[in-house]
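Asks: This is the structure I have questions about; it appears just below.
Numbering (my numbering), first residue to last: -10 to 440.
Dropping the structure here:
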């Protein structure tokens, strides 16, 4: 970790700003108000001004074990000198194969085969291709349609954007998205769900909209339904009680595959290895990324039922023929696999249990903000929570931006979407750090409302 006297000045740090184009960032605003991190340790960042900031969202939901994790650092250091890269096509390595075994062992029962990617976006597009390929191989090639959900976020590949339901991500690229996609309604209703703790009681009936979509298009045209168990990127939208179970029932009834996008919820965020286990619903395909390596080296993947894998293996072709013409240069990269093993060592060694123990602390801390000026909703599930703020008239998102800026002044790095503040603190946080995060957010909200 850099000592304050070693942290570069802001002026020196922005060299290259004129050459940079940041993702999912208002670049014009950023050029005027750059935010630059110099180092990170545990649950904290240090910015280039030397200010220590509590990491309220575990990076971008991807660093549940905090930063500069000694076990992961040591594993990567060893691996770079042993096997820094191995081709992913026609060749593998023991480290990657064993990681697939470990991930399958953590997955819900019945999900046994792991296909590695490099990100959540790639995992989603991979899952969609596998889903269609499976339907085609079993003689259901007419099943070309995918069903997503409003407010859903499934990455930025064309497939993921097509099944995703965030208008800002779809607006520019709509004409060139995958055709024939439909969407379930989202499950958030402020009048019925305000200030929910855990799963709302109202809303399971919204899953029955899938029956309406099936009736509209006919089941014989639908390959798969894809949902996030918890809609994280849009601001921690929690499924109603019984909702996911109902989706599972309808998909099974009509021969439609159910895909869970667990890029955010996978590897302990719910206090269980995957959200599927928390909710007691097993999908046919599960997408993961982020926490599998603690965000240190990019890695993602798809876990599928054995039946789906065997459908590809049973193709009428010579044994030397490739069964699925799909993959990436860095699929199952040995460096990422080394980070993955070390991350799983820590997660299975107590970090997931620690996350589960923090869930009631986060719930109490966040709901204590009820009654603060401008707070119109609070919700939580697992080690994730969100606070909705009253928008400034005619300026959507401006209130949350003010809160974000005030949070930095207070010593906490927040994440906002529109006027929602989302939180998913590291599993290594202490109860006192969670409570301090709540106090810093309280002061930031008051400051933003007074501005």
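Where is the CB? At the ideal position from N, CA and C, for every residue including glycine. For clarity, every value in this text was computed on a predicted model and none was experimentally measured.
Determine the direct distance from the alpha carbon of residue 252 to that of residue 221, and round the result to whole angstroms.
Replies: Taking the straight line joining both Cα atoms gives about 9 Å.
Asks: I need the boundaries of the beta strand (DSSP E) containing residue 405, first residue and last residue.
Replies: Segment 404 to 406, the beta strand (DSSP E) holding residue 405.
Asks: In the DSSP assignment, what residue or residues form a beta bridge with residue 412?
Replies: BP columns for residue 412 point to 374.
Asks: For the alpha helix (DSSP H) that residue 276 lies in, which residues bound it at each end?
Replies: No alpha helix (DSSP H) contains residue 276, which is instead part of the beta strand (DSSP E) from 274 to 277.
Asks: Just the C-alpha distance for residue 428 and residue 437, rounded to the nearest angstrom, thanks.
Replies: Taking the straight line joining both Cα atoms gives about 14 Å.
Asks: Is residue 290 near residue 112, with beta carbons less than 8 Å apart?
Replies: Cβ atoms of residue 290 and residue 112: closer than 8 Å.
Asks: In the DSSP assignment, what are the bridge partners of residue 180?
Replies: Its beta-bridge partners do not exist; DSSP assigns none.
Asks: I'd like the list of long-range same chain contacts for residue 420, defined as Cβ closer than 6 Å, with 5 residues on each side in sequence excluded.
Replies: Hits under 6 Å: 350.
Asks: So what's residue 401 in DSSP terms, helix, strand or just coil?
Replies: Residue 401 falls in the strand class under three-state DSSP.
Asks: On the criterion of 16 or more Cβ atoms from any shown chain inside 10 Å, does residue 66 qualify as buried, or is it exposed?
Replies: With fewer than 16 Cβ atoms within 10 Å of its Cβ, residue 66 is classed as exposed.
Asks: How big is the Cα-Cα spacing for residue 324 and residue 203?
Replies: Cα to Cα, the separation comes out at about 44 Å.
Asks: Might you give, ordered along the chain, the residues of its own chain that have their beta carbon closer than 8 Å to the beta carbon of residue 166, omitting 5 neighbours on each side?
Replies: Correct list, in chain order: 147, 150, 151, 159.
Asks: Just how far apart, CA to CA, sit residue 409 and residue 375?
Replies: One C-alpha to the other measures close to 7 Å.
Asks: Can you check which of these residues, 137, 3, 47, 33, is closest to residue 441 by C-alpha distance?
Replies: Here the chain has residues from -10 to 440 only, and residue 441 is not among them.
Asks: Helix, strand or coil for residue 28 per DSSP?
Replies: Three-state DSSP puts residue 28 in a strand.
Asks: Specify whether the segment 218 to 238 and the segment 85 to 94 touch according to this definition: at least 3 beta carbon pairs, one from each stretch, less than 8 Å apart.
Replies: Judged by Cβ distances under 8 Å, the segment 218 to 238 makes no contact with the segment 85 to 94, as fewer than three pairs qualify.
Asks: Where does residue 79 sit, in a helix, a strand or coil, going by DSSP?
Replies: Three-state result, residue 79: coil.
Asks: Whole angstroms are fine: how far does the CA of residue 392 sit from the CA of residue 430?
Replies: Answer to the nearest angstrom: the Cα atoms are 8 Å apart.
Asks: One question on the structure: do residue 358 and residue 43 come within less than 8 Å of each other, judged by their Cβ atoms?
Replies: Against a cut-off of 8 Å, the Cβ pair of residue 43 and residue 358 comes out as no contact.
Asks: Mapping DSSP to helix, strand and coil, what is residue 42?
Replies: Of the three classes helix, strand and coil, the one that applies to residue 42 here is strand, per DSSP.
Asks: Just checking, does the segment 290 to 308 make contact with the segment 64 to 81 on the three C-beta pairs under 8 Å criterion?
Replies: Touching, no.
Asks: Return the first residue and the last residue of the beta strand (DSSP E) that residue 35 is part of.
Replies: Its beta strand (DSSP E) spans residues 33 to 36.
Asks: Helix, strand or coil: which one does DSSP assign to residue 248?
Replies: Strand at residue 248.
Asks: Rounded to whole angstroms, what is the Cα-Cα separation between residue 383 and residue 315?
Replies: If you take the alpha carbons of residue 383 and residue 315, they lie about 46 Å apart.
Asks: From the DSSP output, in three-state form, read off residue 428 for me.
Replies: Residue state, collapsed to three classes: helix.
Asks: Check residue 54 in the structure and name its three-state DSSP category.
Replies: Coil at residue 54, not helix or strand.
Asks: Within the chosen definition, does the segment 169 to 181 reach the segment 89 to 107 through at least 3 CB pairs nearer than 8 Å?
Replies: Cβ pair count under 8 Å is below three, so no.
Asks: Thinking residue 370 and residue 227 are a contact (beta carbons under 8 Å), I'd like their distance in whole angstroms, please.
Replies: Contact flag correct, Cβ pair sits at about 5 Å.
Asks: Hey, could you find the ends of the alpha helix (DSSP H) residue 341 is sitting in?
Replies: 341 to 356 is the extent of the alpha helix (DSSP H) around residue 341.
Asks: Within the continuous beta strand (DSSP E) that includes residue 115, where are the two ends?
Replies: Where residue 115 is concerned, there is no enclosing beta strand (DSSP E), although the alpha helix (DSSP H) it sits in stretches over 109 to 126.
Asks: Looking at the secondary structure, which residues open and close the beta strand (DSSP E) in which residue 257 lies?
Replies: Here residue 257 belongs to no beta strand (DSSP E), and DSSP marks it neither H nor E.
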